[in-house]
Amino acid sequence: MVDDRGQVSLEYMLIFAISLILLAVFTLPLTERTIENTLDVSDTLDVKSDLSKMSLAVKEVYGQGQGSKQTIHIVSSKDLQVDVADNYISCTLKLNDGQSKTEKMYFKSTLEKSSIYLKKGENSIVVEWPENCENMQIFVR
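Numbering (the numbering used here), first residue to last: -13 to 127.
And the structure:
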């Protein structure tokens, strides 16, 4: 009597190992791409939220008129350059796939065209409209 059970077990283990290797080869790159896309969405939403806070501060100062001031605190996950114009603020993000995306928030104000730089971590941003001054100011404290 010949025992063939050992050969069947070896073939089963070999097929199972090859299946696991193929599964890992095809799913790991897809998982990495999915994680990068998720991080891009998260970064975009964070920047949009920060721009919204700044936009609301500008709207409040503009609505209150000369002599008003607003300070907001923003925690940024990376260094950002925020471009300021008289009717919008914008920020361009570089995505993980090499593309870039620009987020804009619109408002009405007397701000002059400029840029402010937010460093990674906590930032205090001041929006003010000084007395007897024609233009509003926005800067990082």
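Note that beta-carbon positions come from the ideal geometry of N, C-alpha and C, so glycine has one too.
On a predicted model such as this, the values are computed, not experimentally measured, just so you know.
| query | Going by DSSP, what residues sit across from Ile58 in a beta bridge? | reply | As a first step, residue 58 must be located in the sequence shown, where it is residue number 72. Partner residues in the beta bridge of Ile58, as assigned by DSSP, are Ile111.
| message | In whole angstroms, give me the CA-to-CA distance for Thr57 and Met122. | response | Reading the sequence shown from its first residue, position 71 is the one you call residue 57. Reading the sequence shown from its first residue, position 136 is the one you call residue 122. Spanning the two alpha carbons is a distance of roughly 13 Å.
| Glu22 - partner residues in DSSP beta bridges | As a working mapping, residue 22 is identified with position 36 in the sequence shown. Beta-bridge pairing by DSSP links Glu22 to no other residue.
| said: Taking the straight line between their C-alpha atoms, what separation do you get for Met91 and Ser76? | reply: On the sequence shown, residue 91 is found 105 positions in, with the first residue counted as 1. On the sequence shown, residue 76 is found 90 positions in, with the first residue counted as 1. Rounded to the nearest angstrom, the two C-alpha atoms are 6 Å apart.
| field | DSSP three-state assignment for Gln160, whether helix, strand or coil | value | Residue 160 lies beyond the residue range present for the chain, which begins at -13 and ends at 127; the question has no answer from this structure.
| task | Would you mind sorting Asn118 into buried or exposed? The rule is 16 or more other CB atoms within 10 Å of its CB. | result | Along the sequence shown, read from residue 1 onward, the residue named residue 118 stands at position 132. Of the other Cβ atoms in all chains shown, fewer than 16 fall within 10 Å of the Cβ of Asn118; this residue is therefore exposed.
| task | Leaving out five residues on either side along the sequence, give the residues of the same chain with a beta carbon under 7 Å from the beta carbon of Ile70. | result | Indexing the sequence shown from 1 puts residue 70 at position 84. Sequence check: residue 70 is Val here, not Ile. Only Leu97, Lys99, Ser100, Ser101, Ile102, Ile124 meet the Cβ criterion.
| Leu37 classed as buried or exposed, judged by whether at least 16 other C-beta atoms fall within 10 angstroms | Your numbering for residue 37 matches position 51 in the sequence shown. The residue is buried, with at least 16 neighbouring Cβ atoms inside 10 Å.
| message | Pop quiz: Asp65 and Lys106 are said to be a contact at Cβ under 8 Å. What is the actual Cβ separation, rounded to whole angstroms? | response | Looking up residue 65 in the sequence shown gives position 79. Looking up residue 106 in the sequence shown gives position 120. Asp65 to Lys106, Cβ: 5 Å. Contact.
| Within 8 Å, strictly: CB atoms of Lys87 and Thr30 | Here residue 87 is taken as the residue at index 101 of the sequence shown, counted from 1. Here residue 30 is taken as the residue at index 44 of the sequence shown, counted from 1. Going by C-beta atoms, Lys87 is nearer than 8 Å to Thr30.
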